[in-house]
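Encoded as structure tokens, the structure appears first; notes follow it.
Numbering (our numbering), first residue to last: 1066 to 1641.
Written out as structure tokens, the structure reads:
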């Protein structure tokens, strides 16, 4: 490997590689020449050596595969990192004794009376491959066990979105602080308060207990009593998370406006080691602390977004406003044309996440100001209402040149894709809906509706055939981009069932392009997502070739090194 950082005009030749530049011809190359922070040339080793002359520094990567740095268009990087930074990490706990030890360690350095919160047990965020059920005891500890960790602090084992039903656990002091006693009914607004044989709360609460996307007011009232100010963790957690994402090969992300001040601090310090685009959420929704903005504040937020547009910075850009039509499938908030079962067995068509009147205001604002709009739609009925509003808008405004973005869109009909295409839309979706919810979808629809639903689930082929930029986000997980690439090719759910059909089937280059060339196209950032002369020198070096290796191996692709901004010393992975 090179012996020094190259944040200068120094030339570096990386060779003995299989390089996919993701140019228009989908060519391959054996070497890449980097000059400072930019790509100088891509081609054969001989040609690039002749071009560079004798002063070039060489790096033989011994047959490794090189892709452009990966771009995650829905990562929740800061959100997830800051949310867990202050928590006791019990994700890998093996037993109640292990959990007690970890909490007790924190309690020794925490003033008496202060809350102690832990992560859940298992692999976030769906906890499919590992959960609290894999503890030696097969369940979360009750209040008596947690009292052994500390009886001088209120203790809570958190429940993370999006799973419903979910479970939380509290010690005795926490139950007292929250006012949960034997006098409570066994079930309150869809939340089960578990009780022992004597009628005393055990400390475990089950059901719609998440702080995000549960829609359960009883759970939300409990969460609002918990300490949830993570602001002091934003900066250090984001630095750490960026290093972690480099280890996953990610060098570009699309984030929410709520987090822009942290990225601005890093940018101003010259320490932002990520290409970041942020967009303004027009409304506050989905959490225990969310409240609809009043009309004046709503318009103020739109104006702030319009005045913040920045499309030229090399590291931090601001572009657009986001709206959301519907919500998560777990609590039954996804707006579908056909009814499906909610978490308690009730039939539902879902519900609006935002007031449609506000959505129309935001649409018209973006059309008039010529601003990009992100429209989040999960279900087919949400698409129908969105399209009707958009098509009415186009009678007075041409939005096609703006390249508005369709977000998530796990369920969409062929005719709806064609209508979005005519409106000039691109799409960022996520295979998280297949990994974390695919089997849930199958169980929530009646048999006569199930096949139709599966036919319209994540139809990637339709998006590509329509000429859209099609991109991927890791969202709630899995967090490996290569698992998402594999899922895009197999559409295999955790149960082993696959809904892969003509509407879903794409090729390897398309699946990887969702995280490189197409992602840059969606973000309107021409210097990333490709390894072309003049492009940013962001690249990822892999232990195998995801374009040609066995499909079953793609999820196991390992990042040997991530190079960001041409700097081979500053990145997280140093295997090479």
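Even for Gly, the Cβ is constructed at its ideal location relative to N, Cα and C.
Computed from a prediction, not measured in an experiment: that's the story for all the values here.
Query: So the candidates are 1419, 1380, 1397; which of them puts its Cα closest to the Cα of residue 1317?; Result: 1380
Query: Taking the Cβ atom as the reference point for each residue, do residue 1106 and residue 1114 lie within a distance shorter than 8 Å?; Result: no
Query: Should residue 1547 and residue 1611 be called a contact, given that it needs their Cβ atoms to be closer than 8 Å?; Result: yes
Query: Write down every uninterrupted run of the beta strand (DSSP E) in the segment 1424-1506 whose length is 3 residues or greater and which is fully enclosed by it, in chain order.; Result: 1438-1442, 1470-1473, 1491-1494
Query: What are the uninterrupted segments assigned as alpha helix (DSSP H) that are 4 or more residues long and contained completely in the segment 1314-1352, given in chain order?; Result: 1325-1333
Query: Per DSSP, what kind of secondary structure is residue 1564 in: helix, strand or coil?; Result: coil
Query: Confirm, please, whether the CB-CB distance from residue 1232 to residue 1274 is below 8 Å.; Result: yes
Query: Going by C-alpha distance, which of 1482, 1147, 1537, 1589 is nearest residue 1378?; Result: 1589
Query: In angstroms with no decimal places, state the Cα-to-Cα distance between residue 1101 and residue 1633.; Result: 11 Å
Query: With burial defined as no fewer than 16 other Cβ atoms inside 10 Å of the residue's Cβ, what is the status of residue 1077: buried or exposed?; Result: buried
Query: Throw me the rounded Cβ distance for the residue 1536 and residue 1493 pair, which I believe falls under 8 Å.; Result: 5 Å
Query: Where does residue 1630 land, buried or exposed, given buried means 16+ other C-beta within 10 angstroms?; Result: buried
Query: Does the segment 1522-1534 come close enough to the segment 1410-1420 that 3 or more CB-CB pairs lie under 8 Å?; Result: no
Query: Please state whether DSSP places residue 1124 in a helix, a strand or coil.; Result: strand
Query: Helix or strand or just coil, what does DSSP make of residue 1307?; Result: helix
Query: From 1399, 1301, 1133, 1383, pick the residue whose C-alpha is nearest to that of residue 1389; which is it?; Result: 1399
Query: Measuring straight from C-alpha to C-alpha, what distance separates residue 1434 and residue 1371?; Result: 8 Å
Query: Closest by CA to residue 1262, which one among 1183, 1278, 1247?; Result: 1247
Query: Apart from the five residues on each side of it in sequence, which residues of its chain come closer than 6 Å, Cβ to Cβ, to residue 1215?; Result: 1172
Query: Could you work out which residue in 1436, 1397, 1092 is closest to residue 1230 when comparing CA atoms only?; Result: 1397
Query: Take residue 1176 as the anchor and find which of 1480, 1385, 1182, 1217 has the nearest alpha-carbon.; Result: 1217
Query: In this structure, how does DSSP classify residue 1301 when only helix, strand and coil are distinguished?; Result: helix
Query: Can you have a look at residue 1190 and say buried or exposed, based on whether 16 or more other CB atoms are within 10 angstroms of its CB?; Result: buried
Query: With a Cβ-Cβ cutoff of 8 Å, do residue 1007 and residue 1423 count as a contact?; Result: Outside the displayed span of the chain (1066 to 1641) sits residue 1007, for which this structure offers no information.
Query: Secondary structure at residue 1068, three-state DSSP: helix, strand or coil?; Result: Any reading at residue 1068 needs caution, since the residue's pLDDT is 46, under 50, leaving its predicted position unreliable; the model's value is listed next. Note: residue 1068 maps to coil in three-state DSSP.
Query: If we call anything under 8 Å between Cβ atoms a contact, is residue 1349 one with residue 1358?; Result: yes
Query: Using only CA atoms, which one of 1465, 1421, 1393, 1418 lies nearest to residue 1432?; Result: 1465
Query: For residue 1503, which residues from the same chain have a beta carbon less than 6 Å from its beta carbon, with the 5 sequence-adjacent residues on both sides left out?; Result: 1558
Query: Is it the case that the segment 1078-1095 contacts the segment 1118-1127, given that we only count it when at least three CB pairs across the two stretches are under 8 Å?; Result: yes
Query: In whole angstroms, give me the CA-to-CA distance for residue 1222 and residue 1439.; Result: 34 Å
Query: Check the DSSP bridge columns for residue 1231 and list the partner residues they point to.; Result: 1272
Query: Using a Cβ-Cβ cutoff of less than 7 Å, which residues in the same chain neighbour residue 1429 once the five nearest sequence positions on both sides are dropped?; Result: 1458
Query: By the three-class DSSP mapping on this structure, what secondary structure does residue 1266 have?; Result: strand
Query: On the DSSP letters alone, give me the boundaries of the beta strand (DSSP E) that residue 1624 sits inside.; Result: 1624-1628
Query: For residue 1306, which residues of its own chain have a beta-carbon under 6 Å away from its beta-carbon, when the five flanking residues on both sides are left out?; Result: 1142, 1146
Query: Just how far apart, CA to CA, sit residue 1417 and residue 1532?; Result: 29 Å
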